[in-house]
Amino acid sequence: MKKKTARVSSEATLSRFVKIVGEKNAVRGEDMTPYLREQRDLYRGKAAIVLKPANTEEVAKILALADKTKTAIVPQGGNTGLVGGQTSFDKNAIIVSTARMNRIREVDANSNTMTVESGVILQNAQEAAAKVERLFPLSLGAEGSCTIGGNLSTNAGGTQVLAYGNARDLVLGIEVVLAGGKILRGLRKLKKDNTGYDLRHLFMGAEGTLGIITAAVLKLFPAPRAISTAWIGVSSPEAALSLLNLALARAGTSLTSFEIMPRIALEFDLRHLPGARDPLGSPYPWYVLAEIFGDDETRTRELMESLLAGGMEQGLVPDATISESREQRNQLWKLRTAMSDVQKPEGGSIKHDISVPVSSVPAFVKEATAKVEQMIPGARVVAFGHLGDGNLHYNVSQPVGADKAKFMAKWEAVNDAVHTIVTKYEGSISAEHGIGLLKRDLLAKAKDPVALSVMHAIKKALDPNGILNPGKVLRWKVPGGRKS
Ligand code: ZN
3 MKKKTARVSS EATLSRFVKI VGEKNAVRGE DMTPYLREQR DLYRGKAAIV
53 LKPANTEEVA KILALADKTK TAIVPQGGNT GLVGGQTSFD KNAIIVSTAR
103 MNRIREVDAN SNTMTVESGV ILQNAQEAAA KVERLFPLSL GAEGSCTIGG
153 NLSTNAGGTQ VLAYGNARDL VLGIEVVLAG GKILRGLRKL KKDNTGYDLR
203 HLFMGAEGTL GIITAAVLKL FPAPRAISTA WIGVSSPEAA LSLLNLALAR
253 AGTSLTSFEI MPRIALEFDL RHLPGARDPL GSPYPWYVLA EIFGDDETRT
303 RELMESLLAG GMEQGLVPDA TISESREQRN QLWKLRTAMS DVQKPEGGSI
353 KHDISVPVSS VPAFVKEATA KVEQMIPGAR VVAFGHLGDG NLHYNVSQPV
403 GADKAKFMAK WEAVNDAVHT IVTKYEGSIS AEHGIGLLKR DLLAKAKDPV
453 ALSVMHAIKK ALDPNGILNP GKVLRWKVPG GRKS
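Position one of the sequence shown corresponds to residue 3 (the numbering used here), numbered consecutively onward.
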């Protein structure tokens, strides 16, 4: 009989995997549903089993056996990813959930570091830092359920990248299990370490295709003693950009967020977000949500007031309001963070997660919007996001009353048109959500061919049998002709 090289998980093989974690940490059948569905219902997955290892050593044993038996492994954290990276599409694949690897191993306030396992929920990491008056600044909508491992694997961004950088910038060391089961022990706390290639950055943003991140040393910062948040009406993205530069000149790295959203986004909030109200007396075409961190309540507020006054003098700010309490701050942020949810009742939405050089944001918005409106008359562009990072969630809601399925059928055509304009401005088709499956073929088109060939060479070197998250990020052929 010809020996099969495909990933066939026979019961005998599966039971060897189950033995590693113990029967009660293996999930089968119907119980797998929460691991197979992703939140936007873009994908429904398939898998043989879900394994929940307790520690790095168990992950190492799983990957050693997977390599030997050529079993596909899909790592999964909080299952909040937006591009299908965490979804298994192969009925013979094994999902490795990091849910039980949720220990905070150490908080070292003097080194300003925290060593955590990859299954730690982001919010728990933030709270552990806050307990010692430190800040772990990664902050995003899914923080109550996403995990550090997923954050690092997708190089997550969020609302404080402007001052602190994205996930990649917040890591000093990582521990990774490689395809054959070897453990790369890189949990260093060093700021300076020039000993050759920086391996950490290979695994961050790799979406589990090169290894499974099992722990990381994260950077901490002083916790802010005062926060001032302003909701600002502006006439255009151009005005917002000028205001951003005024704010950066006056506040420097104290300016931690500079978000933008159009009037239609606020209208969606007012329609669908319970308790939402317009923070300003009259409507404005665009809004900025700006935040400053400081060490003193009065000084921080004065800084915000002075930059708003500067903006008014220059004719950039017709009206603005500053939050008076934590409660008000939360209300302002809710208007921004509810953005994806309040789009749902408005029908279909074609999404993009793009970045362009900050100075090109206004021109990009103008050009992309003209194109989209020409393609689909009545389409409602809801371009919101992180102006300070040049990153927009350039979403397009369907025309009022249009047929949702017909509108959504234009997803690819609209993506193509918008991404063509992104490329013209030397931007990126994925700013903070990753590639996963959703953007894999787009990446192959948009990425520089030399860069792409280097990525393939790295994948081949680290995962020659193609067992790690097959089919994600790169289209990949493994020996024996199996395609992923
Ligand atoms: Zn975002």
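No residue lacks a Cβ here, since even glycine has one placed at the ideal position from N, Cα and C.
Small disclaimer: the values here were computed from a predicted structure and weren't measured.
Listed in chain order, the alpha helix (DSSP H) runs fully inside the stretch 237–262 are 239–253, counting runs of at least 4 residues.
Beta-bridge pairing by DSSP links GLN78 to SER99.
In the DSSP assignment, ALA228 is bridged to GLY296. Using a cutoff of 8 Å, the CB of LEU440 does not count as near ligand 1, since none of the ligand's heavy atoms is closer than that. With a threshold of 8 Å, the Cβ atom of ASN393 counts as near ligand 1, since some heavy atom of the ligand is closer than that. Using a Cβ distance threshold of 9 Å, VAL475 and ALA49 do not count as a contacting pair.
Beta-bridge partners assigned by DSSP to TYR289: GLY235, MET263. At least 9 Å separates the beta-carbon of ILE215 from that of ILE266. Around the CB of MET314, fewer than 16 other CB atoms lie within 10 Å, so the residue is classed as exposed. Boundaries of the alpha helix (DSSP H) around ILE150: 150–155. Pairing ILE64 with MET306, the inter-Cα distance amounts to about 53 Å. Within its own chain, the residues whose Cβ lies closer than 6 Å to the Cβ of ASP92, once the five positions on either side in sequence are excluded, are ALA74, listed in chain order.
Fully enclosed alpha helix (DSSP H) runs of no fewer than 4 residues occupy 363–377 of the stretch 345–379, in order along the chain.
Annotated three-state conformation of ARG42 is coil, per DSSP. A contact is defined here as three or more CB-CB pairs under 8 Å, and the stretch 163–180 fails this definition with respect to the stretch 450–461. No Cβ-Cβ contact shorter than 9 Å links LEU243 with VAL163. Along the stretch 161–189, the alpha helix (DSSP H) occurs as fully enclosed runs of 4 or more residues at 163–166, listed in sequence order. Here the stretch 425–435 makes contact with the stretch 385–400; the two share three or more CB pairs at distances below 8 Å. Rounded to the nearest angstrom, the gap between the Cα atoms of ASP171 and ALA404 is 43 Å. Comparing C-alpha distances from THR15 to each of ALA415, THR197, LEU67 shows the shortest one belongs to LEU67.
One alpha carbon belongs to PHE19, the other to GLY152, and they sit about 23 Å apart. With a cutoff of 8 Å, HIS388 counts as near ligand 1, since its C-beta is closer than that to a heavy atom of the ligand. Of the residues assessed, LEU272 falls on the exposed side of the cut-off, its CB having fewer than 16 other CB atoms within 10 angstroms.
Of the other Cβ atoms in all chains shown, 16 or more fall within 10 Å of the Cβ of PRO77; this residue is therefore buried.
Here the C-alpha atom of HIS274 lies approximately 13 Å from the C-alpha atom of ARG338. THR115: member of the beta strand (DSSP E) spanning 115–119, first to last residue. LEU142 and THR71 have their alpha carbons spaced roughly 38 Å apart. Relative to GLY83, the option among LEU204, ASP355, VAL29 whose CA is nearest is ASP355. About 5 Å separates the CB atoms of TYR427 and PHE366; that is less than 8 Å, so the two are in contact. For VAL20, the secondary structure class from DSSP, reduced to helix, strand or coil, is helix. Contact fails between the stretch 179–199 and the stretch 36–49, because fewer than three Cβ pairs, one in each stretch, are under 8 Å apart.
With respect to the 9 Å criterion, SER230 and ILE324 are classified as neighbours on the basis of their beta carbons. When rounded, the separation of the alpha-carbon atoms in PRO379 and LYS408 is 13 Å. At least one heavy atom of ligand 1 lies less than 8 Å from the C-beta of GLU434. Looking at the backbone, the Cα of ILE437 and that of THR300 are separated by about 43 Å.
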